[in-house]
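Taking it in order: structure first as structure tokens, then the write-up.
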Amino acid sequence: MRPGVESAILVGRGGELAVLRDALAGAGAEQPATVLVGGESGVGKSRLVRELLAGLGGGRARALVGMCVELGGAGLPYAPFTAALRGSDVRLDVAGDGELGRVRLFERVLAELDRLAEERPLVLVIEDAHWADRSSRDLLDFLVRNQQSVPRLLLVVTYRAEDVHRAHPLRSLIAELTRLPWVRRLELGRLSRADVVAQMRAIRGREPEPELVDAIYRRSEGNPLFVEALLDGGPPAASLADLLLDRIERLPAETGAVLRAAAAGGAAVPHAVLVAVTGLDDAALSAVVRPAVDANVIMVDGDGYAFRHALIREAVYGSLLPGERGPLHRRYAEVLAGGREVGVVARHLIAAGEAGPALVAAHGAALDRAASLAFGEQLEMLAHVLRLWPSVPDAAGRIGADRVSVLEWAVEAAHSAGDHARGAGLATEALALVDQGSEPVRAARLLVRRGLMRRQTGQAGDLDDLRAAVALVPAGDPARAGVLNDLAGRYLEGPPMPDAARAAAEEALTLARRTGDDRAQAAAMVTLAILAARLGDLDAQLVRLAEARRLAERVGSDHVVMRSLHHEASILLGFGRAERSAEIARAALTRVQAMGVARAYGAGHAIDLIGALYALGRWDEALDGVEHALSLAPPATFRAHLLCYRGVISLHRGDLAVAEDAVAQSHELLAGAAGFAQDPLRLPRLEIRLRLAQGRTADALAVLEQALELPYLADAARFTWNLLALGAHAVAEAHGQTPLLSRLREVADRVGRFTPVQHAEALVFEAELTRAGGTFDRTAWDAAVRAWDELNQPHRLAQALLPAAEAAVLDGDRDTAAAMLRRAAKIADDLGATPLRGRIDDLARRARITVTAKDTVPDDQVRRELGLTPREMEILRLVSAGRGNREIAEELFISAKTASVHVSNVIAKLGVANRVEAAAAAHRLGVLDTSGG
Numbered sequence: 013m014r015p016g017v018e019s020a021i022l023v024g025r026g027g028e029l030a031v032l033r034d035a036l037a038g039a040g041a042e043q044p045a046t047v048l049v050g051g052e053s054g055v056g057k058s059r060l061v062r063e064l065l066a067g068l069g070g071g072r073a074r075a076l077v078g079m080c081v082e083l084g085g086a087g088l089p090y091a092p093f094t095a096a097l098r099g100s101d102v103r104l105d106v107a108g109d110g111e112l113g114r115v116r117l118f119e120r121v122l123a124e125l126d127r128l129a130e131e132r133p134l135v136l137v138i139e140d141a142h143w144a145d146r147s148s149r150d151l152l153d154f155l156v157r158n159q160q161s162v163p164r165l166l167l168v169v170t171y172r173a174e175d176v177h178r179a180h181p182l183r184s185l186i187a188e189l190t191r192l193p194w195v196r197r198l199e200l201g202r203l204s205r206a207d208v209v210a211q212m213r214a215i216r217g218r219e220p221e222p223e224l225v226d227a228i229y230r231r232s233e234g235n236p237l238f239v240e241a242l243l244d245g246g247p248p249a250a251s252l253a254d255l256l257l258d259r260i261e262r263l264p265a266e267t268g269a270v271l272r273a274a275a276a277g278g279a280a281v282p283h284a285v286l287v288a289v290t291g292l293d294d295a296a297l298s299a300v301v302r303p304a305v306d307a308n309v310i311m312v313d314g315d316g317y318a319f320r321h322a323l324i325r326e327a328v329y330g331s332l333l334p335g336e337r338g339p340l341h342r343r344y345a346e347v348l349a350g351g352r353e354v355g356v357v358a359r360h361l362i363a364a365g366e367a368g369p370a371l372v373a374a375h376g377a378a379l380d381r382a383a384s385l386a387f388g389e390q391l392e393m394l395a396h397v398l399r400l401w402p403s404v405p406d407a408a409g410r411i412g413a414d415r416v417s418v419l420e421w422a423v424e425a426a427h428s429a430g431d432h433a434r435g436a437g438l439a440t441e442a443l444a445l446v447d448q449g450s451e452p453v454r455a456a457r458l459l460v461r462r463g464l465m466r467r468q469t470g471q472a473g474d475l476d477d478l479r480a481a482v483a484l485v486p487a488g489d490p491a492r493a494g495v496l497n498d499l500a501g502r503y504l505e506g507p508p509m510p511d512a513a514r515a516a517a518e519e520a521l522t523l524a525r526r527t528g529d530d531r532a533q534a535a536a537m538v539t540l541a542i543l544a545a546r547l548g549d550l551d552a553q554l555v556r557l558a559e560a561r562r563l564a565e566r567v568g569s570d571h572v573v574m575r576s577l578h579h580e581a582s583i584l585l586g587f588g589r590a591e592r593s594a595e596i597a598r599a600a601l602t603r604v605q606a607m608g609v610a611r612a613y614g615a616g617h618a619i620d621l622i623g624a625l626y627a628l629g630r631w632d633e634a635l636d637g638v639e640h641a642l643s644l645a646p647p648a649t650f651r652a653h654l655l656c657y658r659g660v661i662s663l664h665r666g667d668l669a670v671a672e673d674a675v676a677q678s679h680e681l682l683a684g685a686a687g688f689a690q691d692p693l694r695l696p697r698l699e700i701r702l703r704l705a706q707g708r709t710a711d712a713l714a715v716l717e718q719a720l721e722l723p724y725l726a727d728a729a730r731f732t733w734n735l736l737a738l739g740a741h742a743v744a745e746a747h748g749q750t751p752l753l754s755r756l757r758e759v760a761d762r763v764g765r766f767t768p769v770q771h772a773e774a775l776v777f778e779a780e781l782t783r784a785g786g787t788f789d790r791t792a793w794d795a796a797v798r799a800w801d802e803l804n805q806p807h808r809l810a811q812a813l814l815p816a817a818e819a820a821v822l823d824g825d826r827d828t829a830a831a832m833l834r835r836a837a838k839i840a841d842d843l844g845a846t847p848l849r850g851r852i853d854d855l856a857r858r859a860r861i862t863v864t865a866k867d868t869v870p871d872d873q874v875r876r877e878l879g880l881t882p883r884e885m886e887i888l889r890l891v892s893a894g895r896g897n898r899e900i901a902e903e904l905f906i907s908a909k910t911a912s913v914h915v916s917n918v919i920a921k922l923g924v925a926n927r928v929e930a931a932a933a934a935h936r937l938g939v940l941d942t943s944g945g
């Protein structure tokens with residue numbers, strides 16, 4: 013290709029360039045964005061990105077660029093990010109501790125990007141993502157989903173559209189990412205005839221002849237690279253590959269030979285490697301390569317060379333004869349042997365047909381990938397080992413392991429990479445080779461892993477696998493305790509089987525104590541504490557959970573520690589100790605943040621905190637937590653749970669559209685899943701409430717009827733009583749004209765009452781059933797009011813006060829009714845529960861009762877006078893304590909952006925200029941206490 017064949021100006025991409033520049037401007041205004049740029053080969057994706065980056069002069073933004081290369085799992089993991097972050101403090105190939113280590117690594121990369129974007133916007137470009145290795149795709153997915161944590165980041169990803177076929181892993185990732193509101197997909201089409209004319213004019217420096225324009229536009233079909241090749245004087249009627257090769261053939265013969273050697277090395281080859289492969293010395297190679305650089309066929313890329321376009325490299329490599337390819341790949345393997353490119357060596361050996369050495373190299377590369385936390389690439393290298401195995405007679409001797417061991421490693425790699433379906437298949441293949449009679453523990457571990465992965469993917473047979481595993485391990489074997497704990501944990505999940513869980517955990521505990529297995533002992537203690545607490549034994553089980561945590565911390569089992577904290581928060585909330593539940597959930601979130609895995613493992617603890625805040629009536633805080641947790645892109649079941657919390661609060665505040673959206677999204681997210689692990693009845697309860705609010709009583713009863721058929725209601729009292737109370741309310745709204753009345757009673761008779769919350773729900777249930785019969789039982793409603801008052805759950809209290817007030821009115825006790833309505837009205841106003849306030853006002857109007865202004869404590873009175881919400885008052889206290897936005901965000905589990913918005917609102921409402929003046933105003937008004945310190 014002659015100099016000047018590439019257009020000096022970008023043509024036909026004004027709209028697309030404007031999209032990128034707008035996205036960059038948004039990043040400057042702390043509105044992060046990702047733009048996925050797709051298009052066919054040669055259409056100008058890289059040129060578009062170069063044009064964007066060319067306008068970043070004068071310190072407008074910082075740019076980092078990383079290229080993916082066509083090596084799949086063979087190249088260095090995280091290659092594009094390693095290249096982009098070269099020079100930063102983050103190393104992407106450090107050893108770690110399995111899946112948890114990889115999560116920490118991802119968190120570090122996100123933090124580094126945030127640091128780099130502090131002073132000015134940051135543009136991170138990942139080119140040719142269709143070639144990205146599995147670990148790079150996983151990291152890209154993580155960064156995009158958590159991009160709201162880096163508000164000044166623009167992420168640009170390019171990919172070759174025709175290569176992203178239906179089965180390509182990038183295709184599903186693109187589909188998932190484009191659902192995020194900050195992600196935009198930009199597809200580059202071919203140039204119009206006018207654009208081709210402009211391109212030709214820019215290349216040739218003069219107006220092109222009409223006949224030439226017609227010919228080139230017809231043959232190029234508007235592909236810019238094809239236009240360049242045709243203008244370069246290729247032979248008539250040639251294909252694009254022929255045109256590109258024609259350029260190579262016009263170069264000196266020795267240059268063409270080096271280019272063919274370079275093509276076998278990949279899209280980019282270091283100078284030193286090419287010297288060794290070709291046998292030329294430095295000076296000779298430089299002299300031979302220069303004509304190709306001058307012709308713009310290849311470019312200098314750091315300390316090596318890269319083909320200007322992947323299509324050029326593909327055309328050159330495709331021209332190699334079979335007798336040329338093998339020796340070239342063999343030579344690359346020899347040159348690279350002993351270096352860090354172990355996966356590349358394996359790829360070259362495979363291409364050279366050297367099965368034995370290739371198997372050994374792939375095995376070595378798998379070990380390297382595991383140490384680098386690149387589990388997807390480890391899995392691919394192990395897949396190479398397994399494919400090569402039949403053609404290498406002494407395969408086991410070469411690597412010192414049998415085929416089952418390789419399959420076991422592949423199963424664990426698939427688990428760590430999140431490829432559960434593939435891992436389950438590999439476990440099945442391994443189980444077919446294991447003699448269960450002579451190696452029962454080995455078979456049991458494979459069954460456990462397959463069962464857990466089947467559970468993750470919704471496949472049938474997961475529980476059968478765990479049961480079979482327990483049956484295989486001999487009674488006295490130390491491994492049995494761990495297998496029993498896995499089975500007990502599965503029995504705790506929906507549908508729960510508490511008796512079976514207890515039996516498995518008790519046996520695990522006995523065996524763990526006998527063998528001195530502290531980790532298994534702690535895990536069993538957590539399960540048994542959960543089961544006992546659910547039957548009403550709280551305080552003793554809190555002691556047991558604390559003891560289990562001490563054991564787990566002693567042996568470094570973070571998983572057991574976090575599991576105990578989650579269940580303690582859940583149990584406390586179930587007993588009505590919402591304040592303490594919130595404290596435990598916050599402690600858990602603080603711990604996962606300190607571990608560096610908050611985004612990956614914090615969703616469950618966030619839901620615990622949000623549930624406690626919801627019960628306490630701190631709805632603004634709960635919604636902040638919901639939005640922050642959703643921004644961290646949690647798994648589907650957790651996302652649905654969060655959406656349901658958003659939906660129910662919005663419903664209670666009168667926004668039925670948000671609630672409807674939450675129901676629809678949750679059904680979509682849970683399609684094929686087992687349901688919520690923490691509260692399997694949350695979605696049906698929300699849907700029943702929504703249908704009642706919409707006046708669709710029949711639909712509400714239909715949802716109720718379906719929920720009452722679930723098989724585990726008797727074993728899930730902590731969730732079932734809430735459903736029964738709501739169901740009785742729905743039946744009462746239908747004036748009792750439904751056969752569900754007897755069904756509700758039948759289910760209630762099978763469900764125990766073990767906690768104060770369940771007792772309060774049962775009181776509401778009984779009172780609502782009476783109302784369904786046409787009367788208000790004042791005694792029943794008064795009892796419900798007392799129960800919810802003792803539990804400090806304001807919304808449930810107000811909901812009980814309303815019918816209790818109506819019962820008092822019907823009883824002629826207007827003074828008591830007035831006091832109840834005024835108290836309920838104050839709660840409704842504080843919560844922003846406008847539909848409830850409307851029902852209160854309606855009863856007050858009918859009963860001719862005046863609902864007067866609310867009594868307020870002094871601090872609350874000052875807050876109201878200032879126009880601050882309870883959430884803003886908390887923000888003011890933290891600002892006065894000297895907390896920055898990030899510290900506020902971490903303490904309250906909200907995003908830094910949300911914290912910034914709250915601080916700005918507080919400053920505006922106080923009428924001050926900055927944070928210092930806001931703190932001074934707070935001190936002057938006397939609205940601070942020690943909670944902010």
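Heads up: the sequence shown begins at 13 in the numbering used here, then just goes up one per residue.
In this text, a Cβ means the ideal position worked out from N, Cα and C, and glycines have one as well.
As the structure is a prediction and not an experimental result, all values here were calculated from the model.
Check	Outcome
Euclidean distance between Cα positions of residue 634 and residue 396	49 Å
Residue 76 - containing beta strand (DSSP E), residue span	74 to 79
Residue closest to residue 505, alpha-carbon to alpha-carbon, out of 724, 181 and 36	724
Residues that residue 311 bridges to, as DSSP identifies them	318
Coil, strand or helix - residue 267 by DSSP	helix
Reduced DSSP secondary structure (H/G/I, E/B, other) of residue 231	helix
Any 3 or more C-beta pairs closer than 8 Å across the region 565 to 573 and the region 517 to 525	no
Coarse secondary structure for residue 19, derived from DSSP in three states	coil
Enclosing alpha helix (DSSP H) for residue 547 [first to last residue]	Per DSSP, residue 547 belongs to no alpha helix (DSSP H) and is neither H nor E.
Identity of the residue in 147, 639 and 535 nearest residue 118 by Cα	147
Local conformation of residue 697 per DSSP, three classes	helix
Sequence-distant residues of its chain with Cβ nearer than 6 Å to residue 866 (five each side left out)	Note that residue 866 has pLDDT 47, beneath the 50 cutoff, so the model's placement of it is unreliable and the number below is only indicative. These residues qualify, in order along the chain: 838.
Nearest to residue 193 (by Cα), restricted to the options 217, 642 and 758	642
Local conformation of residue 197 per DSSP, three classes	strand
Complete runs of the beta strand (DSSP E) confined to the region 128 to 156 [at least 3 residues]	134 to 139
Stretch-stretch touch, CB-based, cutoff 8 Å, three pairs: the region 166 to 184 with the region 39 to 54	yes
First through last residue of the alpha helix (DSSP H) which encompasses residue 171	Taken as a continuous stretch (DSSP letters only), residue 171 belongs to no alpha helix (DSSP H), being part of the beta strand (DSSP E) at 165 to 172.
Residue 48 - partner residues in DSSP beta bridges	169 and 197
Top-ranked residue by Cα proximity to residue 503, from 175, 592 and 539	539
Nearest-angstrom Cα separation, counted from residue 655 out to residue 721	24 Å
Beta-carbon proximity of residue 475 to residue 448, cut-off 9 Å	no
DSSP state of residue 282 mapped onto helix, strand, coil	strand
Neighbourhood of residue 609 by C-beta, 7 Å cutoff - its chain only, sequence neighbours within 5 removed	112, 115, 116 and 119
Limits of the unbroken alpha helix (DSSP H) element including residue 661	648 to 664
Run of the alpha helix (DSSP H) containing residue 719, from where it starts to where it stops	709 to 719
Distance CB(residue 707)-CB(residue 748) smaller than 9 Å	no
Span separating the alpha-carbon of residue 888 from that of residue 423	51 Å
Neighbour-count burial assignment, residue 780, 16 or more Cβ in a 10 Å radius	buried
Whether residue 73 touches residue 135 by CB criterion (9 Å)	yes
Own chain residues within Cβ distance below 6 Å of residue 648, not counting five before or after	681
Bounding residues of the alpha helix (DSSP H) (the contiguous stretch that carries residue 884)	882 to 892
Runs of alpha helix (DSSP H) wholly within the region 311 to 373 (minimum 4 residues, chain order)	322 to 330, 334 to 348 and 354 to 363
Span of the alpha helix (DSSP H), counted from its first residue to its last, around residue 801	790 to 803
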